[in-house]
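Here the structure comes first, spelled out in structure tokens, and everything after it is commentary.
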Amino acid sequence: MKKRLFIISNRLPVNIEKVDNNLKVNISAGGLVTAIDSYINFANQNSDTAFSENFWIGVPGCSQGEWAQAQSTLDNSEYEYLPVFINHHVYDLYYNGLSNSVIWPLFHYFPSFAEYNVDYFENYVKANKDFFNVVLRNVREHDVVWIHDYHLFPLAEMIRTHYPNITIGFFLHIPFPSYELFRMMPSDWQHQILTGILGADLIGFHTIDYATHFLKCLQMVLGLEAELNVITYKNRLIKIDVFPISIDYDKFNSAYNYKEVATRRNFYRKQFSDQKILFSVDRLDYTKGVFSRLKAYEWFFKLYPEYKEKVVLIIVVVPSRDTIPKYADRKREIDEFIGNFNSSIGSITWKPVIYQYNHLNFTELMALYTACDMALITPLRDGMNLVAKEFVSSQQDLKGVLLLSEMAGAARELTEALLVNPNDTQGFAMKIKEGLEMSKDEQSGHLRVMQKRIKAYDVKAWAEDFFTQLYRIKEKQKDFEIMFIDRTTKQYLYEQYQASNKRLLLLDYDGTLVSFAHTPEQARPPGELLTVLKKLAKNTSNEIYIISGRDSSTLQKWLGHLPLNIVAEHGAKTRLLNEEWKTDKNIIINEEWKEIIKQVMEVYVKRCANTFIEEKDFSLVWHFRNADADQAKIRATELTDELSQIVHNLNLQVLAGNKIIEVRTKGIDKGYIVKQLLEEKTYDFVLACGDDNTDEDMFKVLAGFNEAFTIKIGDAASFAKYNLHTPQMMVSLLEYLGNAE
16 MKKRLFIISN
26 RLPVNIEKVD
36 NNLKVNISAG
46 GLVTAIDSYI
56 NFANQNSDTA
66 FSENFWIGVP
76 GCSQGEWAQA
86 QSTLDNSEYE
96 YLPVFINHHV
106 YDLYYNGLSN
116 SVIWPLFHYF
126 PSFAEYNVDY
136 FENYVKANKD
146 FFNVVLRNVR
156 EHDVVWIHDY
166 HLFPLAEMIR
176 THYPNITIGF
186 FLHIPFPSYE
196 LFRMMPSDWQ
206 HQILTGILGA
216 DLIGFHTIDY
226 ATHFLKCLQM
236 VLGLEAELNV
246 ITYKNRLIKI
256 DVFPISIDYD
266 KFNSAYNYKE
276 VATRRNFYRK
286 QFSDQKILFS
296 VDRLDYTKGV
306 FSRLKAYEWF
316 FKLYPEYKEK
326 VVLIIVVVPS
336 RDTIPKYADR
346 KREIDEFIGN
356 FNSSIGSITW
366 KPVIYQYNHL
376 NFTELMALYT
386 ACDMALITPL
396 RDGMNLVAKE
406 FVSSQQDLKG
416 VLLLSEMAGA
426 ARELTEALLV
436 NPNDTQGFAM
446 KIKEGLEMSK
456 DEQSGHLRVM
466 QKRIKAYDVK
476 AWAEDFFTQL
486 YRIKEKQKDF
496 EIMFIDRTTK
506 QYLYEQYQAS
516 NKRLLLLDYD
526 GTLVSFAHTP
536 EQARPPGELL
546 TVLKKLAKNT
556 SNEIYIISGR
566 DSSTLQKWLG
576 HLPLNIVAEH
586 GAKTRLLNEE
596 WKTDKNIIIN
606 EEWKEIIKQV
616 MEVYVKRCAN
626 TFIEEKDFSL
636 VWHFRNADAD
646 QAKIRATELT
656 DELSQIVHNL
666 NLQVLAGNKI
676 IEVRTKGIDK
686 GYIVKQLLEE
696 KTYDFVLACG
706 DDNTDEDMFK
716 VLAGFNEAFT
726 IKIGDAASFA
736 KYNLHTPQMM
746 VSLLEYLGNA
756 E
């Protein structure tokens, strides 16, 4: 059965306005609408990817009465529009308040502009609940939901709570800030924003920087660790990935030849035939760096006065949010600067700046893109900035220079542009001169490379990539579930065990065969466990490995008398039956790193009561099982962060286990050992049991091995096929198998 797609964004892609007492429906032409339209057209060409129906949920920007009137004129051929009606006061505090007076400035690195009003967040959550109520009336569990942007951070968790198995994607169109900025919000807000986003299956960002900042915040606020950009949260796998949004390349490239565009382009070129044209277009927003751009342009003439009357800057500012004081202040600042600048440096026949505060239609925009000699796209901070990609794509004649802020997400892809720090006024001015004097061959060379890159990963590729990764993580989640062993499964395991001749039993120790104790020394094996292991080991068809994180001397003392194999420190040392202990050849034999790590851990022992350090031959472990839970969580996160920075350039890894933080050699884990065993011998029955994150490496290796029974002790989701509640139940199962002889 085909799935239904629900797009959710703050606004619907239609705008209803009153013209002469009649309602007029305008279709929005923003980047998001274009992106999704392109993907849906692409998906519809393939029966495997097509959705049966497409819905769009958002605020309509009009009253319920006006919406009802306009229904008959709406084109529902692409989407069925589902409006969200929010109380005006609630919407103001949600949109102008938290969304654009807290999240927007903070996430764009303007922390002093953020206003932490309690009413803002309360109404932000209320508005998200209004969105959720529309979802509740229309969405079913097997549908696909794609949530967009910072207005709707809490929504995914709301949906997940009601529909546990639904497919949800979330994409953030603005930057995600560093932890040092994110933590400036009240802690409860931080927690609700992060847990809200984690309701999604796939979380997308424009750049690796934003994704890294998000992962860091998860670590510091929620104590969550990522493995290859995958988080385990509430027994689900959640992927964090990078999808730099793009444009419809062909649309902008082919527009060069449109008759109306060519006419306007020729007009501008004739109008400014004796001048170089610089062009700039932005929404009214303090993040766009318009004022910094103007100051750099002024400085350009101070450095290079010979360019006076030879250059003109056409600057278009598109109205946006001008009811918010910060935006109104910025417009007034721009207006005053341009007026003073033109009057002080200009002449009767020449204005250095031509300024328009208005919207541009597509024809005018394309004409200015293709007429100008250089585009100045220099935001102080921008999630992506599609204007840069539009400009590059439109240069069909391969003439023109892109001067781009290194603070824009697009700078990650458009590396052939002239990159500039918009805060470096003098450097900016020098870059303008460099761009004006760039040869035609150099211009065409840069544009050709950038155009190829944009065309290869256009808006269709962006959306297709997102959905491909969304479906992949959903498939991976199926392998990561809780399935407790019932009577039928137990009987099946017993039968397979009896029918096999060459068996491999891989058993973790702490938390699997014995319960955790206050100190490692208190977890000695009880007599009944030793009896069970001895009985299993005597069977010549069984090859048993105790694979533990414990040190070799302890394991030797407790289990060395049994006829089985022992692996210590997750694979660092191995003692095969009737042989001596051997150290893995890849282990770092160097005590210097241990001294460095130990000094750091000792600080945390002092800072967090009832914690201690366990020193093994090839690893160091900080234990916090006996500490205050809340304090230990904070300190564990801080220690993990500090250690991760220290081992960054060393062949070491920091591992967060069950109430422990361990530093050990990178690449040596239980999966590594199991892989070696399976390569050396052939088995017709494998049983692998463990309780911790360290055991997941073993379970992953065995995932494709049909003869393997993998068991996770505890009620957490896992790559193991089955779960058992307690170590006592695991020992009971082993005893049951031992009686099969």
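Take 16 as the starting number for the sequence shown in this note's numbering and just add one per residue. Where a beta carbon is used, it is the ideal one built from N, C-alpha and C, also for glycine. No experiment lies behind these values; they were computed from the predicted model shown.
- Secondary structure at F482: helix, using DSSP grouped into helix, strand and coil.
- Under the DSSP assignment, M389 falls in the beta strand (DSSP E) whose first and last residues are 389-392.
- For S335 and V620, the gap between their C-alpha atoms comes out near 53 Å.
- Within the same chain, and ignoring the five residues on either side of L196 in sequence, the residues whose Cβ sits closer than 7 Å to its Cβ are L121, Y124, P126.
- Between V245 and K231, the CB-CB gap reaches or exceeds 8 Å.
- Put simply, of E630, V150, E496, I181 the residue whose alpha carbon is nearest the alpha carbon of A732 is E496.
- Counting C-beta pairs with one atom in each stretch, the segment 91-106 and the segment 170-190 have fewer than three that are closer than 8 Å, which means they do not touch.
- Rounded to the nearest whole angstrom, the C-alpha separation of E95 and I22 is 10 Å.
- Nearest to M498 by alpha-carbon distance, out of I726, T278, K33, is I726.
- Rounded to the nearest whole angstrom, the CA to CA distance from Y273 to V331 is 22 Å.
- Residue burial is scored here from C-beta neighbours: Q410 has at least 16 other C-beta atoms within 10 angstroms and is therefore classed as buried.
- Taking the Cα positions, E595 is about 57 Å away from E156.
- For the pair E351 and R280, the Cα-to-Cα distance works out to about 29 Å.
- Under the three-state reduction of DSSP output, L579 falls in the coil class, being neither helix nor strand.
- Checking the DSSP bridge columns, you'll see S409 has no partner listed.
- Annotated as proximal: L548 and L577, with beta-carbon spacing under 8 Å.
- Using a Cβ-Cβ distance cut-off of 8 Å, the segment 465-480 and the segment 683-702 are not in contact, since fewer than three pairs of beta carbons, one from each stretch, lie closer than that value.
- Annotation for A587: no beta strand (DSSP E) segment contains it, and DSSP assigns it neither H nor E.
- A distance of 8 Å or more separates the beta carbons of I360 and F306.
- Around the C-beta of N754, fewer than 16 other C-beta atoms lie within 10 Å, and the residue is accordingly described as exposed.
- Secondary structure of C232 (DSSP, three-state): helix.
- Note on the segment 185-228: whole beta strand (DSSP E) runs with a minimum of 3 residues are 217-220, in chain order.
- The alpha-carbon separation between A587 and G564 amounts to approximately 9 Å.
- The straight-line gap separating the alpha-carbon atoms of E324 and E431 is approximately 29 Å.
- Within the DSSP secondary-structure output, D297 pairs in a beta bridge with V332.
- According to DSSP, residue pairing for K291 in a beta bridge involves V326.
- The count of Cβ pairs closer than 8 Å, one atom from the segment 440-456 and one from the segment 363-376, stays below three, leaving the stretches out of contact.
- By the Cβ neighbour-count rule, A624 is exposed, with fewer than 16 other Cβ atoms within 10 Å of its own.
- Positions of the beta strand (DSSP E) runs, each at least 3 residues long and wholly inside the segment 467-523, are given as 518-522 in order along the chain.
- A contact between stretches requires three or more CB pairs, one per stretch, nearer than 8 Å, and the segment 283-293 fails this requirement with the segment 502-513.
- Under the criterion of beta carbons closer than 8 Å, V333 and L299 qualify as touching, at roughly 7 Å.
- In this structure, the CA atom of Y264 is about 6 Å from the CA atom of K470.
- For the set Y698, E428, L170, the Cα lying nearest the Cα of F147 is the one of L170.
- F720 places its beta carbon 8 Å or farther from that of K736.
- Our two residues, Y560 and E68, have alpha carbons roughly 54 Å apart in a direct line.
- According to DSSP, residue pairing for L739 in a beta bridge involves I728.
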